[in-house]
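The structure under discussion appears below in the form of structure tokens.
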Amino acid sequence: MKKTNIKKLLAITGFILTSSLIHNAAVAQQKNDPKFNKMIQDSFRAEGIAGLDRIDQDATQKFCSDTQFANSKKGEAMRVKIQKINMDTIKQPSDGNYIGDWKAGERIAQSGRGATWTDKADAAVGGGCYNCHAIDPKEISHGNIGPSLSGYGKLRGYSQEIITYTWNRINNSKAYNACSNMPRFGHFKLLNEKQMQDVMALLLDPESPVNK
Amino acid sequence: MQRKLTLGLATGLVVTLLTMTSSVFAQKSATDDIAKYREMIADGNPSELYEAAGEDLWKKPAGPKNATLEKCDLGLGAGVVKGAAAQLPRYFKDTNKVQDLESRLMTCMQVLQGRDPQEMIDAVFQKGPKKDMEAIVAYVVTLSKGDKIKVSTAHPKEKEMYDLGKRAFFFQGGPMDFSCASCHAENGKRIRLQDLPNITEQKGAAMGWGYWPAYRVSSGQFWTMQQRLNDCYRQQRFPFPIYGSDVTIALSMYMAKTANGGTVETPGLKR
Amino acid sequence: MADPMRVRAAENGGTVDVKILMKHDMESGQRKDAAGKTIPQWFISTINVKANGKDVFNGQFGPAVSKDPFLNFKYKGAKGDKITVTWIDNKADKRTDEATVS
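Protein chains in written order, with our numbering: chain X, -8 to 203; chain C, 40 to 310; chain F, 18 to 119.
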């Protein structure tokens, strides 16, 4: 009785493994579609500060728009490549300072404004951090698209390694995760250096409410 | 042996419950209270005011041809409004293209009333000719309330629109790399305290497609689906999607088809 | 006359449940437009509801009531009662609508 059960189990496992291998092998990159491209080109117009250049995809956006391939085993080589492209563009702070003012950082984290076609070109862009992350535990109005950052510094420590990693992550999250949902704040100049230093302080100043 | 196991499990469960942070409870009670508030105000949906105005406009002669919209074919025959919105977007033989409710209404306004569609396209939302459109949309969708969402991709152009819409859903662009999928492709996600439906699955697609057009309390305005899509793209930091453009119809096709079987709850009431 | 209201009234066990949806911007007079100018006050000041000619509800709205107000109240009445709703706003504009209790 036991022997036939084991045989059945092996057969089923074998079937599942082979079918998943076949599935993975079948995933190829999405083909370029002229009809689709034309639809995108013809469907938008420039408005305010939002120009048509915004629908010209860079390599990262092109790759990550093809989620099936981007998440597949075959896509791994490309993921590594995309991460490197993004990592190479990151600049460390020009004044050598990584940590700014956490109070200003909290204001930046709270603001989701800027960069839309109804915004003026000189309007300050917010980080929109609370849209996706828990940060100061007192703020219950936060999203869950990204991981919680409560206790960020307390949990990780304040070493230079952590500081550099965090700076890089805010500048360009895709340096570490090719298709991260997080905007590339430094890369697209959404936040300037001072703003990023202030957000850094929110996470890595031991006096910040995040670390209390 | 078994008693020790059950005791261990029970202690573990109690410890886990106790260590759940207070903020989790705060969120849950906040979202529950919001749901309660919505239930309370569901009865006084100001969409009804738009619907009443829309019914008048449907029956009022307008445009250079001084005609009403009563002969408009929304897919179920000339003048048949009941149940039509639940089956849009769909392919129309006379225009040889797939149309959503608003682009089809523009066709009827043009053909029956002699009105210039470009005026409607160029008008700002909530102003001028768009005010008429918003009222008429409220009227038409109310007459599909309670029906099942039922769009077809049997016609090759319908299938093509669906495929283009699916691809557009995942198209990343703008300085924040956002696509529709950035927010609407996973279960259990929310921005701040606003739950996000997963539009890639039937249940989530029906939450989105079935509840818009809606009266949006925060703006005090009735928003059609085109306006909802327009504002999505604005938040995605994209350029401006042209009113009734192919990308808006393709996305509508993708969402509606994915929502098939769900219930039409429009006109909705949103925060 | 201003935009029409939606008036519904249903009787159950001797009590009539009246629901009224009004179309009105209800501008508080505290908001500023994009240019920084204060948007002038414009709101419903009084509302009166009669059933068969007799007052069943009198209200004084003001800037605290928000846009497109929804009013819901109950009174002792019967099926067939004729409900008349009238509001007057601070610009002396008014609107009257009627309904029959079902």
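We put the CB at the ideal spot given by N, CA and C, even for glycine.
Would you mind telling me which residues of chain X sit closer than 7 Å to residue i, beta carbon to beta carbon, in chain order?
| i | result |
| --- | --- |
| residue 212/C | 45, 46, 48 and 52 |
| residue 66/C | 131 |
| residue 209/C | 56 and 58 |
| residue 218/C | 56 |
Under 8 Å between the Cβ atoms of residue i and residue j?
| i | j | result |
| --- | --- | --- |
| residue 125/C | residue 186/C | yes |
| residue 167/X | residue 83/X | no |
| residue 46/X | residue 278/C | yes |
| residue 98/F | residue 75/F | no |
| residue 48/X | residue 211/C | yes |
| residue 249/C | residue 301/C | yes |
| residue 215/X | residue 92/X | What is shown of chain X runs -8 to 203, which leaves residue 215/X out entirely. |
| residue 83/C | residue 84/F | no |
| residue 137/C | residue 207/C | no |
| residue 77/X | residue 51/X | yes |
| residue 123/C | residue 113/C | yes |
| residue 246/C | residue 128/C | no |
| residue 108/X | residue 38/X | yes |
| residue 197/X | residue 144/X | yes |
| residue 66/F | residue 35/F | yes |
Determine the chain F residues that contact residue i at a beta-carbon separation under 9 Å, and present them in chain order.
| i | result |
| --- | --- |
| residue 87/C | 23 and 38 |
What does residue i reach in chain F if we use C-beta pairs closer than 8 Å?
| i | result |
| --- | --- |
| residue 82/C | 36, 87 and 89 |
Exposed or buried, which one is residue i when buried takes at least 16 other CB atoms within 10 Å?
| i | result |
| --- | --- |
| residue 32/X | exposed |
| residue 22/F | buried |
| residue 115/F | exposed |
| residue 109/F | exposed |
| residue 95/F | exposed |
| residue 56/F | exposed |
| residue 288/C | buried |
| residue 13/X | Note that residue 13/X scores 49 on pLDDT, short of 50, meaning its location in the model is unreliable and no value can be drawn from it. |
| residue 113/X | exposed |
| residue 243/C | buried |
| residue 296/C | buried |
| residue 71/X | exposed |
| residue 76/C | exposed |
| residue 90/F | exposed |
| residue 118/C | exposed |
Nearest to residue i by alpha carbon, out of the options?
| i | options | result |
| --- | --- | --- |
| residue 179/C | 141/C, 308/C, 207/C and 265/C | 141/C |
| residue 204/C | 26/X, 138/X and 38/X | 26/X |
| residue 143/C | 175/C, 208/C and 220/C | 175/C |
| residue 80/C | 87/F, 112/F and 82/F | 87/F |
| residue 126/X | 99/X, 53/X and 111/X | 99/X |
| residue 45/F | 60/F, 36/F and 34/F | 60/F |
| residue 2/F | 58/F, 92/F and 72/F | Nothing about residue 2/F can be read from this structure; chain F reaches only from 18 to 119. |
| residue 282/C | 229/C, 154/C and 159/C | 159/C |
| residue 68/X | 200/X, 183/X and 169/X | 169/X |
| residue 89/C | 20/F, 54/F and 63/F | 20/F |
| residue 53/X | 213/C, 76/C and 198/C | 213/C |
| residue 41/X | 131/C, 307/C, 272/C and 219/C | 272/C |
| residue 189/X | 103/X, 96/X and 66/X | 96/X |
| residue 24/X | 192/C, 202/C and 255/C | 202/C |
| residue 132/C | 294/C, 115/C, 93/C and 217/C | 115/C |
For residue i, return the contacting residues in chain C, with the cut-off set at a CB-CB distance below 7 Å.
| i | result |
| --- | --- |
| residue 60/X | Chain C residues near residue 60/X: none, gap ~11 Å exceeds 7 Å. |
| residue 121/X | 231 |
| residue 172/X | 221 |
| residue 41/X | 276, 277, 278 and 279 |
Can you name the residues of chain F whose CB is closer than 7 Å to the CB of residue i?
| i | result |
| --- | --- |
| residue 259/C | 84 and 85 |
Starting from residue i, find everything on chain C with Cβ-Cβ shorter than 9 Å and list it in chain order.
| i | result |
| --- | --- |
| residue 38/X | 273, 278 and 279 |
| residue 20/F | 88, 91 and 92 |
| residue 106/X | 213, 214, 215 and 276 |
| residue 109/X | 273 |
| residue 166/X | Result: empty, since nearest Cβ-Cβ is about 13 Å, beyond 9 Å. |
Run through chain X and tell me which residues come within less than 8 Å of residue i, C-beta to C-beta.
| i | result |
| --- | --- |
| residue 256/C | The contacting residues do not exist; residue 256/C stays about 17 Å from chain X at best. |
| residue 228/C | 134, 135 and 136 |
| residue 285/C | 30, 33 and 34 |
Give the interface partners of residue i over in chain X, defined as CB-CB distance under 9 Å, in chain order.
| i | result |
| --- | --- |
| residue 203/C | 24, 26, 27 and 30 |
Could you work out which residues of chain C lie near residue i, taking near to mean beta carbons separated by less than 8 Å?
| i | result |
| --- | --- |
| residue 181/X | 214 and 215 |
Uninterrupted alpha helix (DSSP H) stretches inside the segment 196 to 232 of chain C (no shorter than 4 residues): Fully enclosed alpha helix (DSSP H) runs of 4 or longer: 219 to 223.
Secondary structure, beta strand (DSSP E): runs of 3+ residues fully inside the segment 54 to 106 of chain F: 61 to 68, 71 to 77, 87 to 93 and 99 to 106
Length at least 4, wholly inside the segment 115 to 175 of chain X: the alpha helix (DSSP H) runs in chain order: Within the segment 115 to 175 of chain X, the complete alpha helix (DSSP H) runs of at least 4 residues fall at 120 to 123, 143 to 147 and 151 to 162.
Runs of beta strand (DSSP E) lying entirely within the segment 106 to 162 of chain C, each at least 3 residues, in chain order: Look at the segment 106 to 162 of chain C and you find these whole runs of beta strand (DSSP E), each 3 residues long or longer: 129 to 131 and 136 to 138.
Alpha helix (DSSP H) segments (min. 4 residues) lying fully within the segment 49 to 80 of chain X: 50 to 55, 58 to 61 and 67 to 79
Ranges of the alpha helix (DSSP H) found wholly within the segment 262 to 306 of chain C, counting only runs of at least 4: 264 to 274 and 285 to 298
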